[in-house]
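Enquirer:
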Amino acid sequence: MSDKVKVTIDGITVEVEPGTSILNAARQIGGDIVPPAMCYYSKLEGSGGKCRTCLVKVNKGSEKDPRPMPKLVASCRTGVMDGMEVQNITSPEVIEARKGVVEILLINHPLDCPICDQAGECHLQDLSYEHGVGDTRYEFERRTFDKIDIGDKIQLHMTRCILCYRCVYVANQITDNRVHGILGRGDASEISTYIEKAIDNDFSGNVIDVCPVGALTDKTFRFKNRVWFTKPVDAHRDCPTCKGKVTLWYKGDEVLRVTGRKDQFGEVEDFICNTCRFETKNTNSWIIEGPRHIAQTSVISANHYEFAPLPVIKENQVLIEANKVEFERATKI
Amino acid sequence: MARKLLLENINVPGIHTFDVYRQNGGYRSVEKAIKSMTPDAIVEEVKTSGLRGRGGAGFPTGMKWSFLAKPEGRERYLVCNADESEPGTFKDRYLMTHIPHLLIEGMIVSSFALGAKTSYIYVRGEMMPQIRILERAIAEAKNAGFLGKNILGSGYDLELYVQPGGGAYICGEETALIESLEGKRGNPRIKPPFPAISGVWACPTVVNNVETIAAVVPIINDGGDEYAKVGNGRSTGTKLISASGNLKKPGVYEIELGLPVEEFIYSDEYCGGIANGKRLKAVVAGGSSVPILPANLILNTINGQPRLMSYESLSDGGFQSGSMLGSGGFIAFDEDQCIVRNTWNFSRFYHHESCGQCSPCREGTGWMEKVLHRLEYGHGKMSDIDLLVDVSKKIEGNTICPLGDAAAWPVASAIRHFRDEFEWHVTNPKEAMERNYGLAKYADPLPKLEEVVSEN
Ligand SMILES: Cc1cc2nc3c(=O)[nH]c(=O)nc-3n(C[C@H](O)[C@H](O)[C@H](O)COP(=O)(O)O)c2cc1C
Ligand code: SF4
Ligand code: SF4
Ligand code: FES
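Chains A and B supply the protein sequences, listed in that same order. Each number in our numbering comes from the position in the first sequence (counting from 1) with 1272 added on. Each number in our numbering comes from the position in the second sequence (counting from 1) with 197 added on.
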């Protein structure tokens, strides 16, 4: 199509719809050149721009205005222009800035992964593993908060929160009358409900799925098991409230947890209702579709019986060349 | 006596009242604009004047106005930024307290030029007296037919509202201000879109500083050409400077842009020199956000030219040896002041005022403050100094709004120019608790400093 725009990211050119963000253009290319995103969530309107892990360098603004952008930009909130040239992993400046962001995200993080239910599917864990540095230079007391229950199914462990605002956008989107949001300012900000009120909404459980860290967790799964010992299985049911397409997490015959189906970028395909999530943990209630594909880079696949699908670069020779490392990693078994 | 364009009548008794203000030539520009000029002609006049935003960034006002989108059937808004909370800056408050009608007059002319039928003055919440003064002035102006329906029989309607803020520095950032004005949490928006396209209630909006809007009055009265004759190069007109610190006569001064810094500090017409017979050690020239300079570099540029109070001259030398005019908050430090302590104090402010939206600023400002606190209180390490520079670099340029930069620059510049003093705090912690480092070589003639700079 002629109205598509051409953008080049780390030397790989792709044609996308006008108005696409740099991040989404990169996701269409796939592989190592996709910037990590901790706050942007394609299903949440207005999200992104906050965590700054997706920073990239724009060397050429567009065909019309080829000037480079003066600063690194958040790829999740910057639209592509025709002829734009972007550097992500090929720019030392970007790598350095990202390292900085990761270090900064971790200075107040409790690093309590051994007792955190999110461990294994935590984006902050992945991020620090891939982009971080081994040591911290932060030598002060870390910020802590008391745990609070938001209703009887969801627990908020604010100490782990990275203030990505995703859960706030979920609440914005599922209700006209949001009762939870951010209180306070700066590093004293916290997610809270108005006087610890329960969020009373059929879809409130989705805040658990969108939370990139272990700040919002499912109380019905609390400490039941480590996620990498459980087996994810796709299933569906005829649900009057939502589409009923979920992932069931099994230990033996028992369904320990129900979540939305997450794609390779950690985003759910559809939001699911609380009845499916919290109340329907019986195999008989579900029609099983088969094992859930888990990205091979994830720790969850460590104990897994099925290897990952090849990334999008499988067929295109040019992209394979450009993404050699990623390709080899994905095909090594 | 230099020419005054804004504060000429400031000492006339009762100038805060409508009648006295009017008798002294007030509201002439409204009559002229509404009766004899088109909105576009006013915008052109402001362009000709070369007026640059007085809120900190110095963006040409006429150009900003011409960027305002004008879609059919959409409201447009003018918002006056009276949130003034930058440490060291207190000129807007002075203007609003003593000559409120100048701001109202400027708001009417500017709103007419932009086609705004509703305009707001967003005032920092702590300034309760000024809010009352403005509300009273608005009522007086309305009474006299300068506001409300059918102004001076022209068919132009304008409602002007005063909106108190909650008292957060971040609400001075224009998009945070707009959010706050809409009744939301004052988080800066991610740009683009810029307010000129989508501002208040997603309508095209111009946000201007109090002083910028007040300067429109002499521009319309005397013509943009006349205004452009005052000043120096691309820094046209006059500027209100809030002078504070160890000066003999601190206060708000209206200066012609291009005045030598030395004259501003030492002449009796302005600050009258350093208080108590002390010597000057350092100056923060444009409010706490701009780089601090040692005495020798504030009085002269690195090339040995006398430093002038203008946008260009103050930023001469870039960040290596220059600073910025910013919002005109001029803070002077004498030889008894501790730069480490001051840097810590500034960083405490930014840590407290960060909105917390983006990670580098939210976490980095607190980190810097803690390290600076440790240095100031004698527990610092040599490596802390480079750590601070590194953290400031991780923040600078990587955030949503310029508050991140504003937090990073004072720290980076203090270390750039006063590294010896930081190191002395590490090597002599006990002594540093009892006395200050003193003037050292910071006022020495320049060539010596040039060597230090070129080493970096
Ligand atoms: C953190 C922050 C605080 C600011 N505070 C103020 C302020 O108090 N008053 C002001 O006029 N501009 C302030 N600004 C600048 C405004 O964003 C904006 O540039 C200005 O109001 C534009 O007006 P001008 O073009 O007339 O200067 C601030 C900017 C930032 C980033
Ligand atoms: S609780 Fe989770 S989703 Fe909500 S802001 Fe914190 S990290 Fe983000
Ligand atoms: S830079 Fe600081 S003040 Fe500005 S948006 Fe980010 S966190 Fe908020
Ligand atoms: S994902 Fe872009 S800033 Fe967070």
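Here a beta-carbon is modelled for each residue, glycine too, at the ideal position from N, C-alpha and C.
(1) Take residue 1501 of chain A as the anchor and find which of A:1385, A:1336, A:1528 has the nearest alpha-carbon.
(2) With a 10 Å radius around its C-beta and 16 neighbouring C-beta atoms as the bar for buried, classify residue 565 of chain B as buried or exposed.
(3) Does the count of Cβ pairs from the segment 608 to 623 of chain B and the segment 522 to 541 of chain B closer than 8 Å reach three?
(4) According to DSSP, is residue 1536 of chain A helix, strand or coil?
(5) Contact between the segment 270 to 290 of chain B and the segment 463 to 475 of chain B is defined here as three or more beta-carbon pairs at a separation below 8 Å; is this criterion met?
(6) Please give the ranges of any beta strand (DSSP E) in the segment 1419 to 1477 of chain A, keeping only runs that are unbroken, at least 3 residues long and fully inside the region.
(7) Under 7 Å between C-beta atoms, does residue 1336 of chain A make it to chain B?
(8) Hey, does residue 1321 of chain A have any beta-carbon neighbour from chain B nearer than 7 Å?
(9) Using DSSP bridges, identify the partner residues of residue 332 of chain B.
(10) Could you compute how far the alpha carbon of residue 493 of chain B sits from the alpha carbon of residue 546 of chain B?
(11) Measuring CA to CA, which of B:319, B:576, B:511 is closest to residue 380 of chain B?
(12) Compute the minimum distance between the beta carbon of residue 1384 of chain A and the heavy atoms of ligand 1, and state whether it is under 6 Å.
(13) Tell me where the beta strand (DSSP E) around residue 441 of chain B begins and ends.
(14) Can you tell me where the beta strand (DSSP E) holding residue 260 of chain B begins and where it ends?
(15) Below 8 Å on the Cβ atoms is my guess for residue 1308 of chain A versus residue 1399 of chain A; work out the distance and round it to an integer in Å.
(16) Between residue 524 of chain B and residue 517 of chain B, what straight-line distance do the alpha-carbon atoms span, to the nearest angstrom?
(17) Report all residues from its chain with a CB closer than 6 Å to the CB of residue 636 of chain B; omit the five preceding and five following residues, and keep chain order.
(18) Interface residues of chain B around residue 1454 of chain A at Cβ under 8 Å?
(19) Does ligand 3 have even one heavy atom less than 6 Å from the beta-carbon of residue 554 of chain B?
(20) Please name the residue, chosen from A:1276, A:1322, A:1519, that lies closest to residue 1438 of chain A on a Cα-to-Cα basis.
(21) Which residue spans inside the segment 260 to 308 of chain B form an unbroken beta strand (DSSP E) run of at least 3?
(22) If you run the structure through DSSP and keep just helix, strand and coil, what is residue 415 of chain B?
(23) Does the beta carbon of residue 1579 of chain A sit closer than 7 Å to a beta carbon anywhere in chain B?
(24) Just to confirm, does residue 1312 of chain A get its C-beta within under 6 Å of one of the non-hydrogen atoms of ligand 4?
(25) Across the segment 1393 to 1411 of chain A and the segment 1491 to 1498 of chain A, are there enough close Cβ pairs to call them in contact, namely three or more that are closer than 8 Å?
(26) Less than 7 Å between CB atoms is the rule here; does residue 1282 of chain A satisfy it with respect to chain B?
(27) Tell me, to the nearest whole angstrom, how far the beta carbon of residue 1479 of chain A is from that of residue 1488 of chain A; I am working on the premise that it is less than 8 Å.
(28) What would DSSP say about residue 1577 of chain A, mapped onto helix, strand or coil?
(29) Quick one: is residue 1405 of chain A buried, meaning 16 or more other Cβ sit within 10 Å of its Cβ, or exposed?
(30) Within this structure, are the beta carbons of residue 374 of chain B and residue 316 of chain B separated by less than 7 Å?
(31) Taking the C-alpha atoms as reference points, what is the distance between residue 1412 of chain A and residue 1505 of chain A?
(32) Give a yes or no on whether 7 Å exceeds the smallest Cβ distance from residue 651 of chain B to chain A.
(33) Who are the near neighbours of residue 1278 of chain A in its chain, counting only those whose CB is closer than 7 Å to its CB and skipping five residues on each side?
(34) Please report the distance separating the alpha-carbon of residue 1346 of chain A from that of residue 385 of chain B.
(35) Using a Cβ-Cβ cut-off of 8 Å (strictly less than) and excluding sequence neighbours within five positions of residue 1606 of chain A, which residues of its own chain qualify?
(36) Can you tell me the Cα-Cα spacing of residue 1318 of chain A and residue 387 of chain B, whole angstroms?
Expert: Short version:
(1) A:1528
(2) buried
(3) yes
(4) coil
(5) no
(6) 1420 to 1422, 1426 to 1428, 1452 to 1455, 1462 to 1465
(7) no
(8) Yes, residue 1321 of chain A counts as interfacial toward chain B.
(9) In the DSSP output, where bridge partners are listed per residue, residue 332 of chain B has none listed.
(10) 27 Å
(11) B:319
(12) no
(13) 435 to 442
(14) Taken as a continuous stretch (DSSP letters only), residue 260 of chain B belongs to no beta strand (DSSP E), being part of the alpha helix (DSSP H) at 258 to 263.
(15) So it is a contact: roughly 5 Å between Cβ atoms.
(16) 20 Å
(17) 476, 478, 532
(18) 382, 553
(19) yes
(20) A:1322
(21) 274 to 279
(22) In this structure, residue 415 of chain B counts as helix in the three-state DSSP scheme.
(23) Because residue 1579 of chain A sits at a pLDDT of 38, beneath the cut-off of 50, its placement in the model cannot be relied upon, and the following sentence gives the value as read from the coordinates. It does not; no Cβ of chain B falls within 7 Å.
(24) yes
(25) The segment 1393 to 1411 of chain A, when compared against the segment 1491 to 1498 of chain A, does not touch it at the 8 Å Cβ threshold.
(26) no
(27) With 8 Å as the limit, residue 1479 of chain A and residue 1488 of chain A qualify as a contact, their Cβ atoms being about 5 Å apart.
(28) Per-residue confidence for residue 1577 of chain A stands at a pLDDT of 40, beneath the threshold of 50, marking its modelled position as unreliable; the derived number appears in the next sentence. In the three-state reduction of the DSSP assignment, residue 1577 of chain A falls in the coil class.
(29) Counting the other CB atoms within 10 Å of its CB gives residue 1405 of chain A a total below 16, which places it among the exposed residues.
(30) no
(31) Cα-Cα distance, rounded: 43 Å.
(32) Reliability fails at residue 651 of chain B, whose pLDDT of 48 lies under 50, so the model's placement of it is uncertain and the value that follows must be treated cautiously. No, residue 651 of chain B lies away from the interface with chain A (no Cβ there is under 7 Å from its Cβ).
(33) 1285, 1287, 1354, 1355
(34) 15 Å
(35) What is shown of chain A runs 1273 to 1605, which leaves residue 1606 of chain A out entirely.
(36) 10 Å
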